[in-house]
Every structure is written in C-alpha cells, then in structure tokens.
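S.K.: Please read through the structure below; I'll follow up with questions.
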Amino acid sequence: MPEIKALCIYCGASQNVDPRHLETADQLGRTAAEKAIDLVYGGGHSGMMGAAADGALSAGGRVIGIIPEHLKDREAAHNGVTEMVVVDSMHVRKQKMFERSDAFCVLPGGLGTLDETFEIITWKQLGLHDKPIVLLNLHGFWDPLMDMIRRQVEGGYLHNDPGSLFSLADDVEGVFSAIASAADSRVTPDSSRL
391 MPEIKALCIY
401 CGASQNVDPR
411 HLETADQLGR
421 TAAEKAIDLV
431 YGGGHSGMMG
441 AAADGALSAG
451 GRVIGIIPEH
461 LKDREAAHNG
471 VTEMVVVDSM
481 HVRKQKMFER
491 SDAFCVLPGG
501 LGTLDETFEI
511 ITWKQLGLHD
521 KPIVLLNLHG
531 FWDPLMDMIR
541 RQVEGGYLHN
551 DPGSLFSLAD
561 DVEGVFSAIA
571 SAADSRVTPD
581 SSRL
C-alpha cells in the first residue's frame, strides 16, 4: 500500500456549529497524529479547522497550515501549528494543500469547503491525480450533496461512478479505513498537468 504521510482536511472555520462536529474534528486530528500522519489544513484557529489542528497537536502530531495573506486575520491564523505557510492567493493555497497531501478528508463546512471539495474531486475526475478523497458524513451532513450527485448521474451530466472518485464515511475510523482501501488500489497519474 502506498504510505499516507499527510492528510489534507477541508472544513469550516465557523464556531457556531454543532458541538459534535467540533468533537469529531478534534478526534480526526488526534487519530491522524496517533497514526503518524501529518495534518494539512487551511491554517485557521477557529471552528472545525482549529479543533482538528488542536487535536493533532495535543497528540504530538505535525500540523501544516496553509493560509493566504488576506485571511491571516479574518480566519485568525493558528499560531501553534508546526509549520505555517502564508501564500498570495486562494488558488495558491489550494495548490499547496494538494502538493503537501497524500489524501483528503472533507468535513462539514460552508462555501469555501464546497469550493475545495469540488475542485479536488474534479481534478480526480479529469485524471490529474488519484489520491484518496473521503467525505466525513457526520449525522448525514453530506446527504443532500449525494442526492444532487444522483440527479446529475440520472440526468446524464455525470458519467463517472461517484464511488470511483470519493468515498463516504460516517465516523473517524471509517475515514482512515476508506483512505487505506483507496490507497491500496491507486495509480500515479501525471499531476504536472494541474
């Protein structure tokens, strides 16, 4: 199995969310650290971003934050991470997060999380990478998205089997099981086309 050394997470920075989601983000960070997997994320200190980073750090893990200059104050950059990379734009942020990661986990979030999610899934659909992608479907959060994807398939707008692009997991252990399963079968496409 190709070794997963760094996991990128996409998630929200809002504090006004389901406390169970914050607890799960913390657990995800801790579990990654316990498995000696670096956590790569958007660099924020609040919401699920901060909870995941704090969880990983509290378990002795490495955390790499990647944040655009214009969001350092707005998203309150986390000062305690192992490495903070400040970039010029959102585009560079997403590219750097991709380059530094071997797999992706999407937790609940807002429009920014959707943007990151659709881009990384689309890159995989286009054959630009074959890294595992897992949506952590906490309490059915991603069910409406799955309904929309089914409508796209039924309407002929989506020809790939969504199961070939990403996996769903209901809990943290499911995330790491799905990543291991996907990593076992992955190939290495030409990511220089990104």
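Residues in the sequence shown are numbered from 391 upward in steps of one, following the numbering used here. Don't be surprised by glycine CBs; every beta carbon is placed ideally from N, CA and C. Here the structure is a predicted model, which is why all the values come from computation and not from measurement.
Decide if the stretch 522 to 539 is in contact with the stretch 421 to 436; the criterion is three or more beta carbon pairs, one per stretch, under 8 Å apart.
M.R.: No, the stretch 522 to 539 is not in contact with the stretch 421 to 436.
S.K.: List in chain order: all unbroken alpha helix (DSSP H) runs of 4+ residues lying wholly within the stretch 509 to 575.
M.R.: Entirely contained in the stretch 509 to 575, the alpha helix (DSSP H) runs reaching 4 residues are, in chain order, 533 to 544, 562 to 574.
S.K.: Pull the bridge partners of Val-429 from the DSSP assignment, please.
M.R.: Val is not the amino acid found at residue 429; the sequence shown has Leu there. According to DSSP, Leu-429 bridges with Leu-397, Val-453.
S.K.: Looking at the secondary structure, which residues open and close the alpha helix (DSSP H) in which Val-482 lies?
M.R.: Counting along the chain, the alpha helix (DSSP H) containing Val-482 begins and ends at 480 to 489.
S.K.: Determine the burial state of Glu-506: buried for a count of at least 16 other Cβ atoms within 10 Å of its Cβ, exposed for fewer.
M.R.: Label assigned to Glu-506: buried.
S.K.: Quick check: what's the CA-CA separation for Val-453 versus Gln-417?
M.R.: Taking the straight line joining both Cα atoms gives about 14 Å.
S.K.: Just how far apart, CA to CA, sit Leu-518 and Ser-571?
M.R.: So the two alpha carbons sit approximately 20 Å from each other.
S.K.: With a threshold of 16 other CB atoms inside 10 Å of the CB of Leu-584, please say whether the residue is buried or exposed.
M.R.: Reliability of the predicted coordinates at Leu-584 is poor, the pLDDT of 48 falling under 50, and the value obtained from them is presented with this limitation in mind. With fewer than 16 Cβ atoms within 10 Å of its Cβ, Leu-584 is classed as exposed.
S.K.: For Pro-458, which beta-bridge partners are listed by DSSP?
M.R.: Answer by DSSP bridge pairing, in chain order: Val-477.
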